[in-house]
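There are 2 protein chains.
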Amino acid sequence: MPRRRNPPAAKAAPANQAGKGSAAERAFLAGYDAARFPRPSVAVDVALLTVDERRLRVLLTQRTEHPFLGHWGLLGGFVGFDESIDAAAARTLKAKGGHSGVFLEQLYTFGAPGRDPRTRVISVAHYALVHPETLAQPAPQGQALRWADVQVSWAGERGGPAAALIDGSPQPLAFDHAEMLGLVVQRLRGKLNYAPIGFELLPRDFTLFDLQQVHEAILGRALNKDSFRRRMLASGLLAATGRKETAVGHRPAELYRFKRNTRTAGR
Amino acid sequence: MPRRRNPPAAKAAPANQAGKGSAAERAFLAGYDAARFPRPSVAVDVALLTVDERRLRVLLTQRTEHPFLGHWGLLGGFVGFDESIDAAAARTLKAKGGHSGVFLEQLYTFGAPGRDPRTRVISVAHYALVHPETLAQPAPQGQALRWADVQVSWAGERGGPAAALIDGSPQPLAFDHAEMLGLVVQRLRGKLNYAPIGFELLPRDFTLFDLQQVHEAILGRALNKDSFRRRMLASGLLAATGRKETAVGHRPAELYRFKRNTRTAGR
DNA sequence: ATAGCATATATCCTAAATGCATATAAGTCA
DNA sequence: TGACTTATATGCATTTAGGATATATGCTAT
Numbered sequence: 183m184p185r186r187r188n189p190p191a192a193k194a195a196p197a198n199q200a201g202k203g204s205a206a207e208r209a210f211l212a213g214y215d216a217a218r219f220p221r222p223s224v225a226v227d228v229a230l231l232t233v234d235e236r237r238l239r240v241l242l243t244q245r246t247e248h249p250f251l252g253h254w255g256l257l258g259g260f261v262g263f264d265e266s267i268d269a270a271a272a273r274t275l276k277a278k279g280g281h282s283g284v285f286l287e288q289l290y291t292f293g294a295p296g297r298d299p300r301t302r303v304i305s306v307a308h309y310a311l312v313h314p315e316t317l318a319q320p321a322p323q324g325q326a327l328r329w330a331d332v333q334v335s336w337a338g339e340r341g342g343p344a345a346a347l348i349d350g351s352p353q354p355l356a357f358d359h360a361e362m363l364g365l366v367v368q369r370l371r372g373k374l375n376y377a378p379i380g381f382e383l384l385p386r387d388f389t390l391f392d393l394q395q396v397h398e399a400i401l402g403r404a405l406n407k408d409s410f411r412r413r414m415l416a417s418g419l420l421a422a423t424g425r426k427e428t429a430v431g432h433r434p435a436e437l438y439r440f441k442r443n444t445r446t447a448g449r
Numbered sequence: 183m184p185r186r187r188n189p190p191a192a193k194a195a196p197a198n199q200a201g202k203g204s205a206a207e208r209a210f211l212a213g214y215d216a217a218r219f220p221r222p223s224v225a226v227d228v229a230l231l232t233v234d235e236r237r238l239r240v241l242l243t244q245r246t247e248h249p250f251l252g253h254w255g256l257l258g259g260f261v262g263f264d265e266s267i268d269a270a271a272a273r274t275l276k277a278k279g280g281h282s283g284v285f286l287e288q289l290y291t292f293g294a295p296g297r298d299p300r301t302r303v304i305s306v307a308h309y310a311l312v313h314p315e316t317l318a319q320p321a322p323q324g325q326a327l328r329w330a331d332v333q334v335s336w337a338g339e340r341g342g343p344a345a346a347l348i349d350g351s352p353q354p355l356a357f358d359h360a361e362m363l364g365l366v367v368q369r370l371r372g373k374l375n376y377a378p379i380g381f382e383l384l385p386r387d388f389t390l391f392d393l394q395q396v397h398e399a400i401l402g403r404a405l406n407k408d409s410f411r412r413r414m415l416a417s418g419l420l421a422a423t424g425r426k427e428t429a430v431g432h433r434p435a436e437l438y439r440f441k442r443n444t445r446t447a448g449r
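Protein sequences appear in the order of chains A and B. Residue numbers 183 to 449, in the working numbering, belong to the letters of the first sequence in order. Residue numbers 183 to 449, in the working numbering, belong to the letters of the second sequence in order.
This is the structure we're talking about:
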């Protein structure tokens with residue numbers, strides 16, 4: 183295993199506290215050669231998810247270049263030299279998927295040397311959540327996009343790769359995107375227990391049953407209705423709007439809204 | 183045998199199905215110029231933790247180079263071009279901290295453009311856990327190492343930076359290591375609820391009270407003894423050894439051992 | 001207009017988990 | 001041997017989740 187020591191550096195970037203104190207340090211930084219060692223490329227991948235018709239779905243793009251030409255994969259892009267990882271993920275989501283201003287969070291960094299046949303690419307995987315009413319967004323030009331059904335072959339939070347189905351048939355995903363997708367589901371299932379994350383997958387106003395269906399789609403199992411209801415109402419995160427759904431062919435349910443400003447307060 | 187638990191089994195996918203099939207694709211790969219764009223450096227940082235005398239502690243190293251010369255920080259190193267991130271973290275932990283074969287897991291990737299004044303460095307933060315009996319390990323040559331007390335100013339799992347105290351006084355940490363350390367504590371507190379992680383901080387045989395003290399040190403609050411005891415025994419993860427602690431000046435407690443092979447089974 | 005329908009909401013009951021108190025056990029130490 | 005300290009066992013009250021049943025409400029068909 184090649185042990186490299188402190189590589190590189192050339193420009194002094196905006197610094198951080200005592201980062202550039204003494205003259206000695208300034209001199210060191212000025213003489214730092216950033217190009218001495220070969221470096222991996224750094225990319226981001228974004229799994230944009232939604233729940234539609236009780237199914238968990240992910241937005242895939244069809245690759246127009248090698249490698250994996252023609253395969254479907256997550257939305258990906260490279261991190262610019264002066265760009266934060268968060269910004270790169272948001273930019274990629276906007277440029278490749280046409281969505282912005284949505285919930286977006288870092289997941290895990292994938293860096294197996296052979297994961298990209300071109301060269302060494304380390305990818306920081308992210309996931310994003312939108313509600314299905316935004317599904318109709320037009321695709322950014324030049325992007326072939328499809329919403330695929332997410333299917334996992336494991337139960338609970340055990341983990342493993344996930345499959346993406348288009349028109350019912352599983353697609354071989356590019357790179358290690360099946361692993362990423364599986365990890366997204368695993369993370370979401372865990373997070374559902376303590377974080378108000380279901381709301382990101384619903385429009386502003388929703389019924390308790392809508393919320394339950396989102397949870398069920400993510401967890402992959404049915405939930406007890408009464409218990410779910412009680413838990414949600416007791417959480418203090420829901421505000422009743424006083425309005426009810428209409429034209430549903432049965433007793434209409436109350437519409438709720440997520441209290442955004444509630445401090446989650448450590449447990 | 184390093185008992186590492188890494189979530190995604192993202193093994194090298196040299197030939198992920200159609201990854202490098204056609205002649206066209208081979209031609210494309212051959213012509214790919216890996217050095218066309220300036221790239222960030224990729225590093226790893228490892229927070230090696232233990233619980234000793236009921237205190238959560240982290241192993242720090244004193245920097246011998248700019249930037250942050252003389253400051254204390256986590257164990258860090260650069261990722262080799264052909265080296266996986268996991269391997270880089272393990273190598274760094276061994277070379278800079280003198281520990282190997284311990285629990286080591288990826289945490290989060292930090293990539294703010296200004297976080298390293300030398301140049302753009304993206305760092306994949308990790309945390310590792312050892313039990314205090316291994317504390318006496320000699321430091322690798324040339325490394326100034328100290329165990330510091332970890333102190334957080336927030337409660338529960340709210341999150342925020344953490345302080346590291348040497349001889350009772352807080353040390354200004356290099357780079358964004360205070361943020362990393364805080365995130366480690368936050369992650370550990372969350373993980374304690376569902377993962378058998380406390381065992382990594384204990385020797386093979388331990389009492390229930392030992393385990394409770396580990397949990398309390400991580401959570402930063404006292405736990406109900408009976409309840410903790412019941413929960414742990416009910417978890418099915420503990421095997422009674424039939425032996426008891428000795429020379430403790432009171433009734434000796436039973437020694438338990440962690441059942442490593444128990445499948446955690448999704449909830 | 002009204003009866004039937006489907007689903008929302010309320011109420012009650014049971015099981016399980018937790019916190020707390022008390023009693024007993026098993027070592028050490030004077 | 002007895003005092004002391006902490007481990008372990010047992011009982012009980014409180015809380016919380018799961019499940020069943022009963023009632024409410026708006027829609028639809030007649």
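Glycine is no exception: its CB is placed at the ideal position from the N, C-alpha and C atoms. Nothing here was measured: the structure is a model prediction, and the numbers come from that model.
Endpoints, alpha helix (DSSP H) assigned at residue i
i: Leu390(A); result: 390–401
i: Thr274(B); result: 267–274
For residue i, the three-state DSSP class (helix, strand or coil)
i: Thr301(B); result: coil
i: Gly258(A); result: strand
i: His308(B); result: strand
i: Glu287(A); result: strand
i: Ile317(A); result: Position check: residue 317(A) holds Leu in this sequence, whereas Ile was assumed. Three-state result, Leu317(A): helix.
i: Lys426(B); result: strand
i: Ala277(A); result: helix
i: Ala421(B); result: strand
i: Gln244(A); result: strand
i: Arg433(A); result: coil
i: Ala192(B); result: Because Ala192(B) sits at a pLDDT of 37, beneath the cut-off of 50, its placement in the model cannot be relied upon, and the point is left open.
i: Arg328(A); result: strand
Length of the line joining the Cα atoms of residue i and residue j
i: Arg237(A); j: Val332(A); result: 8 Å
i: Lys426(A); j: Leu289(A); result: 37 Å
i: Thr232(B); j: Leu241(B); result: 8 Å
i: Gly402(A); j: Ala330(A); result: 16 Å
i: Leu355(A); j: Leu311(A); result: 20 Å
i: Glu247(B); j: Gln325(B); result: 12 Å
i: His432(A); j: Thr389(A); result: 14 Å
i: Leu230(B); j: Tyr309(B); result: 6 Å
i: Gln244(A); j: Leu251(A); result: 8 Å
i: Arg302(B); j: His397(A); result: 40 Å
i: Leu384(A); j: Ala269(A); result: 24 Å
i: Gly255(A); j: Pro352(A); result: 12 Å
i: Val366(B); j: Val430(A); result: 48 Å
i: Ala346(B); j: Asp234(B); result: 15 Å
i: Phe263(B); j: Pro320(A); result: 39 Å
i: Ile267(A); j: Ile304(B); result: 9 Å
i: Gly350(A); j: Arg412(A); result: 36 Å
i: Gly372(B); j: Val306(A); result: 22 Å
i: Trp336(B); j: Gly418(A); result: 22 Å
i: Thr423(B); j: Ala421(A); result: 52 Å
Residue interval of the beta strand (DSSP E) (run including residue i)
i: Phe410(A); result: Unbroken run through Phe410(A) is the alpha helix (DSSP H), 407–417; no beta strand (DSSP E).
i: Ala225(A); result: 223–234
i: Phe250(A); result: Per DSSP, Phe250(A) belongs to no beta strand (DSSP E) and is neither H nor E.
i: Phe263(B); result: Where Phe263(B) is concerned, there is no enclosing beta strand (DSSP E), given that its DSSP letter is neither H nor E.
i: Arg439(B); result: 436–440
Option nearest residue i by Cα separation, candidates the options
i: Arg340(A); options: Asp227(B), Phe285(B), Tyr376(B), Ala229(B); result: Tyr376(B)
i: Leu128(A); options: Gly280(A), Asp358(A), Glu398(A), Ser335(A); result: No information on residue 128(A) is available, as it lies outside the stretch 183 to 449 that chain A covers here.
i: Phe357(B); options: Leu370(B), Pro343(B), Leu420(B); result: Pro343(B)
i: Val284(A); options: Met414(A), Arg439(A), Ile379(A); result: Ile379(A)
i: Arg369(A); options: Lys407(A), Ser417(A), Pro434(A), Ile400(A); result: Ile400(A)
i: Leu437(A); options: Gln353(A), Thr274(A), Ala360(A), Phe391(A); result: Phe391(A)
i: Lys407(A); options: Met362(A), Thr316(A), Leu383(A), Gln395(A); result: Gln395(A)
i: Glu265(A); options: Pro352(B), Ala294(B), Gly372(B), Arg273(B); result: Ala294(B)
i: Ala225(B); options: Thr428(B), His359(B), Gln319(B); result: His359(B)
i: Leu257(A); options: Ser223(A), Pro322(A), Glu235(A); result: Pro322(A)
i: Phe227(A); options: Val334(A), Lys373(A), Thr291(A); result: First, the residue type needs correcting, since residue 227(A) is Asp and not Phe in the sequence shown. Nearest C-alpha to Asp227(A): Thr291(A).
i: Leu374(A); options: Asp387(A), Thr274(A), Leu393(A); result: Leu393(A)
i: Arg386(B); options: Met362(B), Arg439(B), Ser282(B), Ala272(B); result: Arg439(B)
(Q) Going residue by residue through the stretch 330–399 of chain B, where are the continuous beta strand (DSSP E) segments of at least 3 residues, counting only ones entirely within it? (A) Inside the stretch 330–399 of chain B, DSSP marks whole beta strand (DSSP E) runs of 3 or more residues at positions 344–348, 351–353, from first to last along the chain.
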